[in-house]
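Chains as they are written, first to last, in our numbering: chain A, -18 to 436; chain B, -19 to 94. Built from N, CA and C at the ideal position, the CB exists for glycine as well. It should be emphasised that the depicted structure is a prediction, and the values quoted were computed from it without experimental measurement.
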Amino acid sequence: MKTIRIGNGQGFWGDSVDAPVELLRGGPIDYIGMDYLAEVTLSIMMRQKLKNPDRGYATDFVGFIRRVLPELKERGVRVITNAGGLNPKACRQQIFEVARELGVSGLRVGVVEGDDILPRLASLVESGHPLHHMESGEPIVDVLGDVTSANAYLGAWPVVEALNQGADIVLCGRVTDTALALAPMAHEFGWSPEQWDLMAAGTVAGHILECGSQCTGGNFSRWWEVPDLWNVGFPLVEARADGTFVVTKHGGTGGMVTLETVAEQLVYEMGNPQEYLTPDVTADFTSIKLEADGANRVQVSGIRGRERTPFLKISASYLAGYKASGELTVSGPRAIDKARLCADIVWKRLERAGVTFADEDRLVELVGHSACLPGILPTPSEPPEVVLRLGVRDTDRDKVERFGKELAPLVTSGPPGVTGFAGGRPKPQEIVAYWPALIEREVVEANVHVTVEEV
Amino acid sequence: MRVPLSRIAHARSGDKGDGSNVGLIADSAPFYEILVQQVTSKRVKEHFSQVCFGPVDRYEVPNLRALNFILHDSLGGGGTMSLKTDAQGKTHGQGILSLEVDVPAELLSSGEEE
């Protein structure tokens, strides 16, 4: 039976820059998927594009292509990515530049557009799409003036179209992480959109792959069992037309692929296991069957899916005020008491200056004592030192800036043993907040288009 | 015997909006039954009482011998809004493993892992 190998070389924006190169060179592979977009990344790209109309995509991806393009072309390895961000056509021009410099010809690059709905957001709202926040239920009109990006998550089918047109590289903006794996399967095996079990199978493969080495030993509970984590192999699946696949990694790499490492990635951010929603399918994670298939191989089968919903998810971002945080190290006897006194001093001095924050808009953490899991793990009553971390947020930038001036004085006018103040006053940062909403899929899909061009 | 969950299960967590998603996976079928019976939403809510300020949802995933929990209102606003060090609930999987359960001693003697 025909098998295709689909790997993931980038789990998120900021992941290892060497991982995709190792994945390409470490053994046989047919497709590499790469994810560059976190929830608010597009908002950052929007700002870059406003400054320079040729920007607005993940420039790291062009760096990767520069390192490997002749090898990719020679071996016929195809790459699918959301690195196109808000400007996939500019990204394509840059890749064509690189191809010309390296003397590579006959390279076909596909671009998927239509996910960006910001230009028509106001008219969508006016024409009866309230885009209620999926958690709070509030309509987007409340923050419409502060919205900095708005994109729909597209599914696998526009990517399949680009692959069908012969694209060696497919550049998307907002597309689901799972589509990066489902699309090559649907393309290679000729699957159709209403084969729900197969759509679910490709989606589950995508979910296992989407966080890079999180299924090959990274972030594993029993980390002491994982060999050579420094050299962890990024994952790939060997996929078959019947929707079954094997999760594995290249030989000679570190990490491990076991029932346990794969199961941990399956439950990661899973939500309701019977209703894993994507633009392509409603996947049922309670149908997944895992079996060991030799060293570093896990066979996945039995996956069931149901019809996709009539909606696409929108990911918008908006400016929601400012925040700042700063840290001081408090050492010596009674470090906890002294750190709490420091926090108290800061709030009182701010109050004297007429600057107050609501309880939910200010934070006191004792790092090394109770910052992440308060009340859960036993805490030392007399630690030799703790890091005091203070933070505030507000819509008034001046208040946030004023807060930043109250940390350094503690070194000389607080209790003894306060140190570690470096890097200057904490500066107010804009809060770019996330607004998830649903929209009828036709509204977006009518504007999705795919172009494939050759250099 | 009263033991921490780390003796019979492993876990991973991440964010879901302003909630965290904590997946808990048993090491064997008998241990999965123990999770189903003893690791209720109520007990998880109590365990995370200083972290989670909303309800806790529990889902059973028997094919993976897993329970999946959503701890609502536990990330201080979530994503970029949050001021917390662990704004994405990345540590909650480690946290759940200290919750204690009763396990028959004979089940622990075979294939026990430290």
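### Query
Any idea which residues DSSP pairs Met15(A) with across the strands?
Mapped onto the first sequence, residue 15(A) falls at position 34. Note: Met15(A) sits in a beta bridge opposite Gln(-9)(A) and Thr62(A).
### Query
Going along chain B in order, which residues have a C-beta closer than 7 Å to the C-beta of Phe266(A)?
For the purposes of this step, residue 266(A) is identified with residue 285 of the first sequence, where counting begins at 1. Under the 7 Å cutoff, chain B gives Val41.
### Message
Please give me, in chain order, every unbroken run of the alpha helix (DSSP H) with length at least 4 that falls completely inside the segment 184 to 214 of chain A.
### Response
List check, alpha helix (DSSP H) in window: nothing returned.
### Query
Does DSSP classify Val424(A) as helix, strand or coil?
As a first step, residue 424(A) is located in the first sequence; it is residue number 443 there, counting from the start. Helix at Val424(A).
### Query
Beta carbon of Cys196(A), beta carbon of Glu245(A): below 9 Å?
On the first sequence, residue 196(A) is found 215 positions in, with the first residue counted as 1. On the first sequence, residue 245(A) is found 264 positions in, with the first residue counted as 1. Going by C-beta atoms, Cys196(A) is nearer than 9 Å to Glu245(A).
### Query
Which value, in whole angstroms, describes the spacing of the CA atoms of Cys353(A) and Ala67(B)?
What you label residue 353(A) is simply residue 372 of the first sequence in a count that begins at 1. What you label residue 67(B) is simply residue 87 of the second sequence in a count that begins at 1. One C-alpha to the other measures close to 9 Å.
### Message
Please list, in chain order, the chain A residues whose beta carbon lies closer than 9 Å to that of Phe28(B).
### Response
In the second sequence, residue 28(B) corresponds to position 48, counting from 1. Under the 9 Å cutoff, chain A gives Leu354, Gly356 and Ile357.
### Task
Locate the beta strand (DSSP E) running through Glu434(A), then write down its first and last residues.
Counted from its first residue, the first sequence places residue 434(A) at position 453. Element bounds for Glu434(A): His430 to Glu435.
### Partner residues on chain A for Gly34(B), Cβ-Cβ distance less than 7 Å
Position 54 of the second sequence, counted from the start, is the residue given in the question as residue 34(B). The contacting residues do not exist; Gly34(B) stays about 11 Å from chain A at best.
### Message
Here's a check: name, in chain order, each residue in its chain whose Cβ is nearer than 6 Å to the Cβ of Thr159(A), leaving out the five neighbours to either side.
### Response
For this step, residue 159(A) is matched to residue 178 along the first sequence. Thr184, Gly187, His188 and Thr259.
### Query
Listing by chain order, which chain A residues have their CB less than 8 Å from the CB of Lys(-4)(B)?
Counting from one through the second sequence, the residue named residue -4(B) turns up at place 16. By Cβ distance, chain A contributes Glu250 and Gly252.
### Query
How is Glu86(B) classed by DSSP in three states: helix, strand or coil?
In the second sequence, the residue the question calls residue 86(B) occupies position 106. In the structure shown, Glu86(B) sits in a helix (DSSP, three-state: H, G or I).
### Query
Along chain A, in chain order, which residues have C-beta atoms closer than 9 Å to that of Val(-17)(B)?
Taking the second sequence and counting its residues from 1, the one referred to as residue -17(B) is at position 3. Under the 9 Å cutoff, chain A gives no residues; its nearest Cβ is about 15 Å from Val(-17)(B).
### Task
Quick one: measure Cβ to Cβ for Leu44(B) and Leu4(A), integer angstroms, because I've assumed they're closer than 8 Å.
Working through the second sequence from its first residue, we reach residue 44(B) at position 64. Working through the first sequence from its first residue, we reach residue 4(A) at position 23. Leu44(B) to Leu4(A), Cβ: 26 Å. No contact.
### Query
Can the beta-carbon of Val93(A) be found closer than 9 Å to that of Leu23(A)?
Stepping through the first sequence from its first residue, residue 93(A) is reached at position 112. Stepping through the first sequence from its first residue, residue 23(A) is reached at position 42. No, these two residues do not count as a Cβ contact at 9 Å.
### Query
Can you find a CB in chain E that lies within less than 9 Å of the CB of Gln74(B)?
Looking for chain E here will not work: the only protein chains present are A and B.
#### Entry: Minimum Cβ-Cβ distance from Arg23(B) to chain A less than 9 Å
Stepping through the second sequence from its first residue, residue 23(B) is reached at position 43. With 9 Å as the cut-off, Arg23(B) does not count as an interface residue toward chain A.
#### Entry: DSSP three-state assignment for Glu116(A), whether helix, strand or coil
Along the first sequence, one-based indexing puts residue 116(A) at 135. Of the three classes helix, strand and coil, the one that applies to Glu116(A) here is coil, per DSSP.
### Interfacial residues, the segment 403 to 435 of chain A to chain B, with Cβ spacing under 8 Å
Ile412, Val413, Ala414, Tyr415 and Pro417
### Where Lys304(A) meets chain B, residues with beta-carbon distance less than 7 Å
Here residue 304(A) corresponds to residue number 323 of the first sequence, with the count starting at 1. By Cβ distance, chain B contributes Leu63.
### Query
Which residues mark the beginning and the end of the alpha helix (DSSP H) in which Asp325(A) is found?
If you number the first sequence from 1, residue 325(A) lands on position 344. Here the alpha helix (DSSP H) through Asp325(A) covers Ala316 to Arg333.
### Query
Any idea which residues DSSP pairs Gln410(A) with across the strands?
What you label residue 410(A) is simply residue 429 of the first sequence in a count that begins at 1. Paired residues: Lys304(A).
### Message
Within 9 Å of any Cβ in chain A, is that where the Cβ of Ser54(B) sits?
### Response
As a first step, residue 54(B) is located in the second sequence; it is residue number 74 there, counting from the start. Answer no: the Cβ-Cβ gap between Ser54(B) and chain A never drops below 9 Å.
### Message
By the 8 Å beta-carbon criterion, what residues does the segment 358 to 382 of chain A contribute toward chain B?
### Response
Leu358, Arg370, Gly372, Val373 and Arg374
### Query
If you draw a straight line from the alpha carbon of Gln18(B) to that of Val81(B), how long is it in whole angstroms?
One-based indexing of the second sequence puts residue 18(B) at position 38. One-based indexing of the second sequence puts residue 81(B) at position 101. Their Cα atoms are separated by approximately 7 Å.
### Query
Looking at C-alpha atoms only, which residue of Leu300(A), Thr290(A), Ala334(A) and His350(A) is the closest neighbour of Ser312(A)?
The residue given as residue 312(A) occupies position 331 in the first sequence. When each option's Cα is compared against that of Ser312(A), the closest is His350(A).
### Message
Taking CB distances under 9 Å as the criterion, tell me whether Glu245(A) reaches chain B.
### Response
In the first sequence, the residue the question calls residue 245(A) occupies position 264. Output row for Glu245(A): interface = yes.
### Task
Compare the Cα-Cα distances from Tyr257(A) to each of Val279(A), Pro314(A), Val243(A) and Gly286(A) and report the closest residue.
In the first sequence, counting from the first residue as 1, residue 257(A) sits at position 276. The residue with the shortest Cα to Cα distance from Tyr257(A) is Gly286(A).
### Query
Pick from Arg203(A), Thr376(A), Val43(A) and Ile25(A): whose alpha carbon is nearest that of Val2(A)?
Translated into positions along the first sequence, residue 2(A) becomes position 21. Nearest of Arg203(A), Thr376(A), Val43(A) and Ile25(A) to Val2(A), Cα basis: Val43(A).
### Task
Report the rounded CA-to-CA distance for Pro69(A) versus Lys230(A), giving the unit in angstroms.
As a working note, residue 69(A) is residue 88 in the first sequence. As a working note, residue 230(A) is residue 249 in the first sequence. If I take the Cα positions, the gap works out to 30 Å.
### Query
From Gly193(A) to Arg101(A), what distance separates their C-alpha atoms?
If you number the first sequence from 1, residue 193(A) lands on position 212. If you number the first sequence from 1, residue 101(A) lands on position 120. If you take the alpha carbons of Gly193(A) and Arg101(A), they lie about 34 Å apart.
### Query
If you draw a straight line from the alpha carbon of Gly14(A) to that of Gly(-10)(A), how long is it in whole angstroms?
Your numbering for residue 14(A) matches position 33 in the first sequence. Your numbering for residue -10(A) matches position 9 in the first sequence. For Gly14(A) and Gly(-10)(A), the distance between alpha carbons rounds to 6 Å.
### Message
Whole angstroms are fine: how far does the CA of Gly235(A) sit from the CA of Trp211(A)?
### Response
Within the first sequence, the letter at position 230 stands for residue 211(A). Within the first sequence, the letter at position 254 stands for residue 235(A). About 7 Å.
### Message
Counting beta carbon pairs with one atom in the segment 48 to 60 of chain A and one in the segment 74 to 84 of chain A, are three or more of them shorter than 8 Å?
### Response
yes
### Message
Strictly below 7 Å CB to CB, what residues from chain A border Ala(-9)(B)?
### Response
Along the second sequence, one-based indexing puts residue -9(B) at 11. Those within 7 Å of Ala(-9)(B) in chain A are Ser202.
### Query
Can you find a CB in chain A that lies within less than 9 Å of the CB of Ala46(B)?
In the second sequence, the residue the question calls residue 46(B) occupies position 66. Chain A, which has a Cβ nearer than 9 Å to the Cβ of Ala46(B), makes this yes.
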